[in-house]
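Quick note: my numbering has the sequence shown finishing at residue 136, numbered continuously throughout.
Glycine is no exception: its CB is placed at the ideal position from the N, C-alpha and C atoms.
First up is the structure itself, then whatever we jot down about it.
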Amino acid sequence: MANMAQWSLIFGGGDDDGPNPLGVLAMAILAPLAATIVQLAISRGREFEADAGGAKISGKPLSLASALAKLESGNNAVRSDVNPSTAHMFIVNPLKGKAVASLFSTHPSTEERIARLRSM
């Protein structure tokens, strides 16, 4: 959708003045960023759904929460030179982030996952 909007800004419109270069530049910068944030939010949502599915199958959400807590504590022993491009391959994100960085994370925080499992 971001690409469609970008191309419609460049080539679309019925006016003879042509596209607004500032609008095109803003769309070229902001649309992919917004699309990435939405894609990563969907990924985090799927992670929560996977946790809920695992809790439903096992019937023991507290056991799954305990397992996540153990993984988190073991994650502290992981080397700190983890390549950010491989962070999505870990069960627990080895790269700790702040609030803004969490928008760009592929996984929700372990604390958030544990809290949701405990509330089931």
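The C-alpha of G70 lies about 17 Å from the C-alpha of F106. Around the beta carbon of H123, 16 or more other beta carbons sit within 10 angstroms, so the residue counts as buried. Straight-line spacing of the CA atoms in L78 and V40 works out to 50 Å. Shown here, S135 sits in coil according to DSSP, grouped into three states, outside any helix or strand. Under the three-state reduction of DSSP output, T126 falls in the helix class.
A straight-line Cα-Cα distance of about 7 Å links A68 and L133.
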